[in-house]
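Chemist: What the sequence shown shows, in the numbering used here, is residues 954 to 1529, in sequence order.
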Amino acid sequence: MTDNEILSSYVGSFVDELVRSGVKQAVISPGSRSTPIAMIMAEHPSLNVWVHVDERSAGFFALGIAKAHKEPVALLCSSGTAGANYYPAVIEAAQSKVPLIILTADRPHELRDNGAPQAINQINLFGDYPKWFMEMSLPDSSSDLTRYIRTAASRASSVSSDAPAGPVHLNFPFRDPLIPDLSYPSLFSNGREENEPWVSVPEQVRVLKEEGIQQYADRLAGQKGIIVVGPQENEELASPVFSLANALGYPVLADPLSNCRRTDEPLLVESYDAFLRGEVNPDLYPDVILRFGAMPVSKAYMLFVKQLRDPRSIVVDEAGWRDPTLFSTDMLSVSPVQFANALHSAVQGVDHNNFQWIEKWQEMNAKTLDVLTSVDTEELFEGHVFSELSGMMRSDELLFVGNSMPIRDLDNFFYPVDLSPKVMGNRGANGIDGIVSTALGASTAFPFSVLVIGDLSFYHDMNGLLLAKLHQLNLTVIVVNNDGGGIFSFLPQREQETHFEQLFGTPLGLDYEHVASLYDASFDRVTNWEDFRSAFITSRKIKGLSIIEVPTERDTNLSLHREVFAKVKHIAKGVS
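#1: Please report the straight-line C-alpha distance between A1027 and A1170, rounded to a whole angstrom.
#2: Using only the alpha-carbon positions, how far apart do E1156 and L1322 sit?
#3: Any idea what DSSP makes of K1077, helix, strand or coil?
#4: Which residues in the same chain have their Cβ closer than 7 Å to the Cβ of L1056, if we skip the five residues on either side of it in sequence?
#5: So L1420 and H1005 are supposed to be a Cβ contact under 8 Å. How far apart are they, rounded?
#6: With C-beta atoms as the reference, is L1197 less than 9 Å away from Q1176?
#7: Bridge partners for A979 per DSSP, in chain order?
#8: Give me the Cβ distance between W1151 and E996, rounded to the nearest whole Å; I'm assuming they're in contact under 8 Å.
#9: Have a look at L1261, A1392, L1243 and flag the residue whose alpha-carbon is nearest the alpha-carbon of V1354.
#10: Could you check if A1319 is buried or exposed, using at least 16 other CB atoms within 10 Å of its CB as the buried criterion?
#11: With respect to the alpha helix (DSSP H) encompassing E1164, which residues constitute its N-terminal and C-terminal limits?
#12: Report buried or exposed for T1034, applying the criterion of at least 16 other Cβ atoms within 10 angstroms of its Cβ.
#13: Touch check for the region 1397-1405 and the region 1322-1342: three-plus C-beta pairs under 8 Å?
#14: In the region 1176-1252, which residue ranges form an unbroken beta strand (DSSP E) of at least 3 residues, counting only runs that do not cross its ends?
#15: Candidates V976, P983, R1009, P998: which alpha carbon is nearest G1387's?
#16: Evaluate S1114 with the Cβ neighbour count: other Cβ atoms within 10 Å of its Cβ, from every protein chain shown; 16 or more gives buried, anything less gives exposed.
#17: Short check: CB of V1479 to CB of L1342, under 9 Å?
#18: If you reduce the DSSP assignment to three classes, tell me which class I1406 lands in.
#19: Which residue from N1148, E1316, L1229 puts its Cα closest to that of P1219?
#20: Kindly identify the DSSP beta-bridge partner or partners of T1429.
#21: Looking at the structure shown, is N1124 part of a helix, part of a strand, or coil, going by DSSP?
#22: Since I1166 and Y1203 should fall inside the 8 Å C-beta cutoff, what is the C-beta to C-beta distance between them, to a whole number of angstroms?
#23: Check for me: the beta strand (DSSP E) holding I1385 runs from which residue to which?
#24: So does the region 1425-1432 actually touch the region 1485-1505, counting three or more Cβ pairs closer than 8 Å?
#25: Tell me whether R1009 sits in a helix, a strand or coil according to DSSP, three-state version.
#26: For F1079, count neighbouring C-beta atoms within 10 Å of its own C-beta (all shown protein chains included) and say buried if the count is 16 or more, exposed if not.
#27: Does DSSP put W1151 in a helix, in a strand, or in coil?
#28: Might you give, ordered along the chain, the residues of its own chain that have their beta carbon closer than 7 Å to the beta carbon of A1191, omitting 5 neighbours on each side?
#29: Taking the continuous beta strand (DSSP E) assigned at T1057, which residues delimit it?
#30: Below 8 Å, can you find three or more Cβ-Cβ pairs linking the region 979-988 to the region 1058-1070?
#31: Determine the direct distance from the alpha carbon of S1136 to that of S1049, and round the result to whole angstroms.
#32: Starting from R1478 and walking both ways along the beta strand (DSSP E), at which residues does that stretch end?
#33: Work out the CA separation of Q1071 and L1256 for me, nearest whole Å.
#34: Nearest-angstrom Cα distance between K1259 and V968?
#35: Report the option in V1222, D1226, R1172, G1246 whose CA atom is closest to the CA atom of E1189.
#36: Please confirm whether A1272 and I1018 have their CB atoms less than 9 Å apart.
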């Protein structure tokens, strides 16, 4: 075989096996050294290829696709610092358990560490964040090479997808010439025509033994307990959780990113972040906490847990050891759905006698909701953005929310009357970077998508808007513009008047209408809620990118938040 045939067979087998193993989409950042993989990916008939010239945005775009489609996505770049720009997205994928297959092209070994251009040390480039790293072999004519490269592709897909999901990293050294032969007769089949993968890896689910389930049934039945569901992506968990809650007589505290804020469930407690602030009535102290998923967004809940008198705290989370409170007594790395179903069967028919306990939580929740959903102000109050959206979004749509203030306002002010849209965010590392690109990637799975984001986070990832322009992706971006870091107004730094604006407020003074022009987006800067509703309705009719700017004033927003939560605190004292 010629060098070109060896290269084509090697890379063609790898790309084909990725597809056979369930990879349907790839995001490519252009470069020279990655040419063989890029060209063959673009040639494969069953692989959808996206091209993004900014590696940092490309990484988060791939992350968004993987989050929304719940399948591994390949991410390819050239050698040198190109891969380093993927690092923030790799960290987020690792900490939020999203399957990514990162492919970095590299110089061959003889061109490393000797001053060759675009050559850096790419071995374990992303530290310990990937679940698996492999330095790939150079293409050669060995008879075992086909099985080697196909096994590596299958393993990459499997390892990235297996719970807990996460990123894997394969580093590919290539020598010149880099142009593959796309007419090579067995470019993809390489002696095997059927579509089955060369290595099949069935899904594996970790479960608790029957005697273990019974032990937990005995411990939980008849106790004053709560079920907490933090951020998690499994949409099948809601039904088992509420069935279990009804059997145990436990209220369900559901995070906005839990996929469990179902409006038709009487045991749902969604306003807990508001009424758990400050002093909490001891009548609400549970003896048992059963948590599914990650820790909730709510800081008030975390502080509430620390006030409790040593409750039994059981965490069911197959994604790993996630307990920043350090108060957990039981850590179960098992399937949450299987555990909830099995535990429900074990406790059915038990007289929990928890009616008064449930009623206290329901009363507190109902009175708090009355306050949060009746905020009536002519001001462009940031929390009211979500109150408006709660009445306008549909169940088949996506609401993606940025970090800092937007995710917290979502928690307190987004209460849909009917079925909720799919709600997503990046809560792995909780950073403000890459939010635009992640939302755009996720939007590929929905007919209509909305992103609510602060002005600093929007500025941080404006390059991500390029794919919306190139591919007419349907995204409405609501930019809450308080001209700086609004969340710091709620923190102790606000009292440091000498340096607050310079170091924390950080006003940018940018006119985002120019951004809309650059990326062919429609633009509306609203001055009242009637304008907001009109702009939002119009954005539904526009194919492509729409930007709605909601200008707010930081001090006014702080005062309005404090006023709302003061009302909640007042009614909380009256609940016995």
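In this text, a Cβ means the ideal position worked out from N, Cα and C, and glycines have one as well.
Modeler: Let's see:
#1: To locate residue 1027, count along the sequence shown from 1; it is residue 74. To locate residue 1170, count along the sequence shown from 1; it is residue 217. Going from the Cα of A1027 to the Cα of A1170 covers about 42 Å.
#2: For the purposes of this step, residue 1156 is taken as the residue at position 203 of the sequence shown. For the purposes of this step, residue 1322 is taken as the residue at position 369 of the sequence shown. Near 41 Å, if we compare the C-alpha coordinates of L1322 and E1156.
#3: What you label residue 1077 is simply residue 124 of the sequence shown in a count that begins at 1. Residue 1077 is actually Asn in this sequence, not Lys. In this structure, N1077 counts as coil in the three-state DSSP scheme.
#4: By 1-based counting over the sequence shown, the position of residue 1056 is 103. Around L1056: I990, A1027, L1028, L1029, L1123, F1125.
#5: Reading the sequence shown from its first residue, position 467 is the one you call residue 1420. Reading the sequence shown from its first residue, position 52 is the one you call residue 1005. About 6 Å separates the Cβ atoms of L1420 and H1005, confirming a contact at the 8 Å cut-off.
#6: Locating residue 1197 in the sequence shown gives position 244, where the first residue counts as 1. Locating residue 1176 in the sequence shown gives position 223, where the first residue counts as 1. No, Cβ-Cβ distance for L1197 and Q1176 is not below 9 Å.
#7: Counted from its first residue, the sequence shown places residue 979 at position 26. V1002, A1027, per the DSSP bridge assignment.
#8: Position 198 of the sequence shown holds residue 1151. Position 43 of the sequence shown holds residue 996. With a contact defined as Cβ atoms closer than 8 Å, W1151 and E996 miss out at about 20 Å.
#9: Within the sequence shown, residue 1354 is the residue found at index 401, counting from 1. Checking every option, the nearest Cα to that of V1354 belongs to A1392.
#10: As a working note, residue 1319 is residue 366 in the sequence shown. It counts as exposed.
#11: Taking the sequence shown and counting its residues from 1, one reaches residue 1164 at position 211. Here the alpha helix (DSSP H) through E1164 covers 1163-1173.
#12: Position 81 of the sequence shown, counting from 1, holds the residue named residue 1034. So T1034 ends up on the exposed side.
#13: Short answer: they touch.
#14: 1178-1182, 1205-1207, 1241-1245
#15: By 1-based counting over the sequence shown, the position of residue 1387 is 434. Residue R1009 is the option with its Cα nearest to G1387.
#16: On the sequence shown, residue 1114 is found 161 positions in, with the first residue counted as 1. Under this definition S1114 is a buried residue.
#17: As a working note, residue 1479 is residue 526 in the sequence shown. As a working note, residue 1342 is residue 389 in the sequence shown. Going by C-beta atoms, V1479 is not nearer than 9 Å to L1342.
#18: Start at 1 with the first residue of the sequence shown, and residue 1406 comes out as number 453. It is a strand residue.
#19: On the sequence shown, residue 1219 is found 266 positions in, with the first residue counted as 1. Of N1148, E1316, L1229, the residue nearest in Cα terms is E1316.
#20: Locating residue 1429 in the sequence shown gives position 476, where the first residue counts as 1. DSSP output for T1429 lists V1403, S1499 as bridge partner(s).
#21: Here the question's residue 1124 lines up with position 171 in the sequence shown. Reduced to three states, the DSSP call for N1124 is strand.
#22: Walking along the sequence shown from the start, residue 1166 turns up at place 213. Walking along the sequence shown from the start, residue 1203 turns up at place 250. Contact between I1166 and Y1203 fails: their C-beta atoms lie close to 17 Å from each other, not under 8 Å.
#23: If you number the sequence shown from 1, residue 1385 lands on position 432. Where I1385 is concerned, there is no enclosing beta strand (DSSP E), given that its DSSP letter is neither H nor E.
#24: Taking a cut-off of 8 Å for Cβ pairs, the region 1425-1432 and the region 1485-1505 touch, as three or more such pairs fall below it.
#25: For the purposes of this step, residue 1009 is identified with residue 56 of the sequence shown, where counting begins at 1. Of the three classes helix, strand and coil, the one that applies to R1009 here is helix, per DSSP.
#26: Along the sequence shown, read from residue 1 onward, the residue named residue 1079 stands at position 126. Classification of F1079: buried, given that the 10 Å Cβ count is 16 or more.
#27: Residue mapping note: residue 1151 aligns to position 198 of the sequence shown, counting from 1. Note: W1151 maps to coil in three-state DSSP.
#28: Translated into the one-based positions of the sequence shown, residue 1191 becomes position 238. The answer, listed in chain order, is N1212, C1213, R1215.
#29: Here the question's residue 1057 lines up with position 104 in the sequence shown. Note, T1057: beta strand (DSSP E), 1053-1059.
#30: yes
#31: Reading the sequence shown from its first residue, position 96 is the one you call residue 1049. Reading the sequence shown from its first residue, position 183 is the one you call residue 1136. One C-alpha to the other measures close to 40 Å.
#32: Counted from its first residue, the sequence shown places residue 1478 at position 525. That run of the beta strand (DSSP E) goes 1475-1478.
#33: Translated into positions along the sequence shown, residue 1256 becomes position 303. Translated into positions along the sequence shown, residue 1071 becomes position 118. Answer to the nearest angstrom: the Cα atoms are 49 Å apart.
#34: Here residue 1259 corresponds to residue number 306 of the sequence shown, with the count starting at 1. Here residue 968 corresponds to residue number 15 of the sequence shown, with the count starting at 1. About 50 Å.
#35: Looking up residue 1189 in the sequence shown gives position 236. When each option's Cα is compared against that of E1189, the closest is G1246.
#36: Numbered from 1 along the sequence shown, position 319 holds the residue referred to as residue 1272. Numbered from 1 along the sequence shown, position 65 holds the residue referred to as residue 1018. Cβ atoms of A1272 and I1018: not closer than 9 Å.
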